[in-house]
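Have a look at the structure below before the remarks.
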Amino acid sequence: MGNPAMALPTVQPELNVITVTPGVMTVNVMTNIIEKKNMRRIYLITWFTILIAVSCLQAQSGLVEGSVTYKSQELIYIDLGTRDGLAVDDTLEIWHGQDRVGSAIVRQAATKTASCFGINPGEFEAWNIGDKVRFHRAVQSTQALAEEALAVASDSTATAPFDTLGRYKASSQQSVRVVEARKAETRFFGKLSSRYLGVRNSDNTSANFNQPSVYFNLNVNNISGSNFSGNVLLRGRRRSSSTETESQTRVYSAGLTYEK
6 MGNPAMALPT VQPELNVITV TPGVMTVNVM TNIIEKKNMR RIYLITWFTI
56 LIAVSCLQAQ SGLVEGSVTY KSQELIYIDL GTRDGLAVDD TLEIWHGQDR
106 VGSAIVRQAA TKTASCFGIN PGEFEAWNIG DKVRFHRAVQ STQALAEEAL
156 AVASDSTATA PFDTLGRYKA SSQQSVRVVE ARKAETRFFG KLSSRYLGVR
206 NSDNTSANFN QPSVYFNLNV NNISGSNFSG NVLLRGRRRS SSTETESQTR
256 VYSAGLTYEK
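First residue of the sequence shown: 6, per the numbering used here; consecutive thereafter.
Structure below.
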């Protein structure tokens with residue numbers, strides 16, 4: 006008697022097949038590029054939103070206040086300048102305590118200081134050191150800043166808000182051009198001074214000794230655009246007394262230099 010053959014189960018190995026589709030990889034790469042552009046736009050929008058917020062704060066505080074630091078016969082000097090938005094011919098208000106005591110116009114403006122003259126001479130006489138100076142600074146409108154921010158943010162070709170390397174190169178090239186232009190110019194600078202010495206008799210009626218003198222120092226750089234420079238230092242004097250007169254001129258130094 007034979008037992009029928011029992012069929013043994015067949016075990017087939019499981020294979021994990023990974024199929025790479027070029028089209029899918031292309032979609033993933035394009036997705037990464039789009040995400041980078043979106044991040045760039047978000048960065049730009051955030052940056053200009055901060056600028057708009059700062060502009061709004063400036064618009065609310067457009068009134069700038071300083072004080073009078075010095076007063077001459079015709080001008081007053083204040084502790085405000087171009088960094089505060091001040092410019093030549095701007096009109097300022099002068100306040101003494103809670104009272105407005107006149108208006109002034111900016112004649113000259115530096116970075117931190119400015120000089121002003123009064124519109125009304127009668128008002129100018131009443132101004133004192135320590136009086137307050139006020140003026141309304143011009144602030145760019147928030148709408149204009151918003152439009153500019155949206156225009157930049159919507160530009161798909163924008164790469165980065167700042168190009169530090171490019172600005173550095175441009176600044177370096179400009180500095181080189183300025184130095185070369187200065188080297189090509191003949192530059193003069195020096196000093197001229199005079200002195201007088203006199204001795205009188207005890208009765209103070211006549212002088213028995215006089216000595217005027219002149220000092221002269223001159224430096225010339227890049228003569229006619231060349232690499233040559235020169236300098237000279239001299240002194241001249243004339244001594245006179247009741248008995249004699251003497252004139253003398255001395256050259257203390259003179260030179261010519263060449264620089265590559």
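Ideal Cβ positions, reconstructed from N, Cα and C, are used throughout, including at glycine.
Everything numeric in this text was worked out from a predicted model, so none of it was measured.
Checking 9 Å against the spacing of the C-beta atoms, do L71 and L85 come in under that value? As a first step, residue 71 is located in the sequence shown; it is residue number 66 there, counting from the start. As a first step, residue 85 is located in the sequence shown; it is residue number 80 there, counting from the start. The sequence given here places Gly at residue 71; Leu does not occur at that position. Closer than 9 Å, so yes.
Apply the 10 Å Cβ neighbour rule to I1 and answer buried if 16 or more other Cβ atoms are within range, or exposed otherwise. Beyond the ends of the chain as shown, which are 6 and 265, falls residue 1; an answer cannot be given.
For R142, three-class secondary structure by DSSP: One-based indexing of the sequence shown puts residue 142 at position 137. Residue state, collapsed to three classes: coil.
Proximity winner among R205, L223, T191, relative to L197 (alpha-carbon distances): The count along the sequence shown starts at 1 and reaches residue 197 at position 192. With distances taken between Cα atoms, L197 lies closest to L223.
In whole angstroms, what separates the C-alpha of E128 from that of D94? Within the sequence shown, numbered from 1, the residue matching residue 128 stands at position 123. Within the sequence shown, numbered from 1, the residue matching residue 94 stands at position 89. Their backbone Cα atoms lie some 18 Å apart in a straight line.
Ignore the nearest five residues each way along the sequence and tell me which others in F122's own chain have a CB closer than 7 Å to its CB. Position 117 of the sequence shown, counted from the start, is the residue given in the question as residue 122. Answer for F122: E79, L80, A109, I110, R112, listed in chain order.
Under a three-way DSSP split, which group does G195 fall into? Indexing the sequence shown from 1 puts residue 195 at position 190. Three-state DSSP puts G195 in a strand.
D104 classed as buried or exposed, judged by whether at least 16 other C-beta atoms fall within 10 angstroms: Here residue 104 is taken as the residue at index 99 of the sequence shown, counted from 1. Answer is exposed; the Cβ neighbour count stays below 16.
Kindly indicate the opening and closing residues of the beta strand (DSSP E) around G3. In the structure as shown, the chain starts at 6 and stops at 265, and residue 3 therefore has no counterpart that could be examined.
For G127, three-class secondary structure by DSSP: Translated into the one-based positions of the sequence shown, residue 127 becomes position 122. Helix.
Under three-state DSSP, which class holds S229? Translated into positions along the sequence shown, residue 229 becomes position 224. Correct three-state label for S229: helix.
What residues match up with Y82 in a beta bridge as DSSP calls it? On the sequence shown, residue 82 is found 77 positions in, with the first residue counted as 1. Answer by DSSP bridge pairing, in chain order: Y75, S120.
Rounded C-alpha distance that separates G260 from T254: For this step, residue 260 is matched to residue 255 along the sequence shown. For this step, residue 254 is matched to residue 249 along the sequence shown. Taking the straight line from one Cα to the other gives about 18 Å.
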